[in-house]
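Undergrad: Residue numbering for the sequence shown follows the working numbering, starting at 1 and increasing by one per position.
Beta carbons: idealized from backbone N, C-alpha and C, even for Gly.
Predicted model only: the values in this text are computed from it and were never measured.
Structure in structure tokens, see below.
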Amino acid sequence: MEIKNKVMINNPLIHCITNHITINDCANVVLSAYGKPIMAEHYKEVSDITASSNALAINIGNITDDRMKSIMISAKTAYEKKIPSIIDIVGVSCSDLRLNFAIDFIDKCKPRVIKGNMSEIKAIFGLNTKSKGIDVNEEDITTYDTLKNNIYIVKELALKTNSTVVATGAIDIISDGNKTYTIENGCEELSRITGTGCMLNVLIATYISSKDIINSAILGTVIMGICGELSRDAKGTASFKIELLDNISTIKDEDILERIKIRVVE
Numbered sequence: 001m002e003i004k005n006k007v008m009i010n011n012p013l014i015h016c017i018t019n020h021i022t023i024n025d026c027a028n029v030v031l032s033a034y035g036k037p038i039m040a041e042h043y044k045e046v047s048d049i050t051a052s053s054n055a056l057a058i059n060i061g062n063i064t065d066d067r068m069k070s071i072m073i074s075a076k077t078a079y080e081k082k083i084p085s086i087i088d089i090v091g092v093s094c095s096d097l098r099l100n101f102a103i104d105f106i107d108k109c110k111p112r113v114i115k116g117n118m119s120e121i122k123a124i125f126g127l128n129t130k131s132k133g134i135d136v137n138e139e140d141i142t143t144y145d146t147l148k149n150n151i152y153i154v155k156e157l158a159l160k161t162n163s164t165v166v167a168t169g170a171i172d173i174i175s176d177g178n179k180t181y182t183i184e185n186g187c188e189e190l191s192r193i194t195g196t197g198c199m200l201n202v203l204i205a206t207y208i209s210s211k212d213i214i215n216s217a218i219l220g221t222v223i224m225g226i227c228g229e230l231s232r233d234a235k236g237t238a239s240f241k242i243e244l245l246d247n248i249s250t251i252k253d254e255d256i257l258e259r260i261k262i263r264v265v266e
């Protein structure tokens, strides 16, 4: 829990270039984790903003020419100044524009974390897959039957890109190419409100400001999953989202240690 407590003390500045659909939720999640969000995206200022930040979160869920330009400027600044960054590769399995942009981004900007569902991870890895919009293809879902193959893909992509890869789903897979983990925290309700993947992206960004990359990716993923579990008895989807934010801001170390469902993959 050292990373979590370090963030609470240091209040790192997290530069988020995310989609407008979830920008408010993402800012609130960073605040809930005791970071300080800044959501700048004008191409004339993003380099300065990134240079003064402790981590950079990129999300390509609602892409435009201007946002793509700003994303590349910010990420190159982060790479040059050794500021950790994460990219959420939203929709790369259903859009050639996003796929080609994400591949170019990863090649040039070397993000420390690549996050996506299993269809998106497979697309970046170079496998043919199609998804229903931004949702994972049913054939790509990580189950106990597909776990071994999906672990191989995640691990190999991590080695190929020299990054930590986070493949989200009912069973999350996280690997930096050397160490690989599965996490089984979470609940169905997390997929019934928009933006929980975006929220996870900026939560991980907040923690990678510590520069302990794989453990920060694990921590963010576990906290999002556990907080979903703690919120699942809410009256409806709106109440669920409010309780989710509440639980992210109040979760205690003992809650994490008691509820965490993580396994090291040999």
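Under a Cβ-count criterion, where at least 16 other Cβ atoms within 10 Å of its own Cβ denotes burial, should A167 be classed as buried or exposed?
TA: Label assigned to A167: buried.
Undergrad: With burial defined as no fewer than 16 other Cβ atoms inside 10 Å of the residue's Cβ, what is the status of Y144: buried or exposed?
TA: Exposed, because fewer than 16 other Cβ atoms sit within 10 Å of the Cβ of Y144.
Undergrad: Counting Cβ pairs, one atom from each stretch, are 3 or more of them under 8 Å apart for the stretch 222-232 and the stretch 246-256?
TA: Result yes; three or more Cβ-Cβ pairs closer than 8 Å.
Undergrad: Leaving out the 5 sequence neighbours to the left and right, which residues in its chain are closer than 8 Å to K130 when beta-carbon positions are compared?
TA: Taken in chain order, the residues that qualify are S93, C94, S119, N137.
Undergrad: Is it right to say I89 is buried, meaning 16 or more other beta carbons lie within 10 angstroms of its own, or is it exposed?
TA: The residue in question, I89, is buried, as its Cβ has 16 or more Cβ neighbours within 10 Å.
Undergrad: Using the Cα positions of S175 and A55, report the straight-line distance between them to the nearest angstrom.
TA: Distance between the alpha carbons of S175 and A55 is about 20 Å.
Undergrad: If distances are taken between C-alpha atoms only, which option among A33, D25, A27, I23 comes closest to I9?
TA: Among A33, D25, A27, I23, the Cα nearest to that of I9 belongs to A33.
Undergrad: Could you pull the DSSP bridge partners for K115 from this structure?
TA: K115 pairs with D88, V166.
Undergrad: Taking just the CA atoms, how far does K235 sit from K76?
TA: One C-alpha to the other measures close to 44 Å.
Undergrad: Quickly, what does DSSP pair Y265 with across the bridge? List them, please.
TA: The displayed chain sequence assigns Val, not Tyr, to residue 265. V265 pairs with T180.
Undergrad: Starting from D66 and walking both ways along the alpha helix (DSSP H), at which residues does that stretch end?
TA: Residues 65-80.
Undergrad: Using alpha carbons as the reference points, say which of R232, F240, G186 lies closest to K261.
TA: Checking every option, the nearest Cα to that of K261 belongs to G186.
Undergrad: Report the residue from D172, E41, F125, D135 whose alpha carbon sits nearest the alpha carbon of I223.
TA: For I223, the nearest C-alpha among the options comes from D172.
Undergrad: Tell me which same chain residues have a C-beta within less than 6 Å of the C-beta of L157, skipping the five on either side of it?
TA: Within the same chain, L157 has close Cβ partners F125, V165.
Undergrad: Which residues does DSSP pair with K36 in a beta bridge?
TA: Answer is L13.
Undergrad: State the DSSP-derived secondary structure class of I60, mapped to helix, strand or coil.
TA: Note: I60 maps to coil in three-state DSSP.
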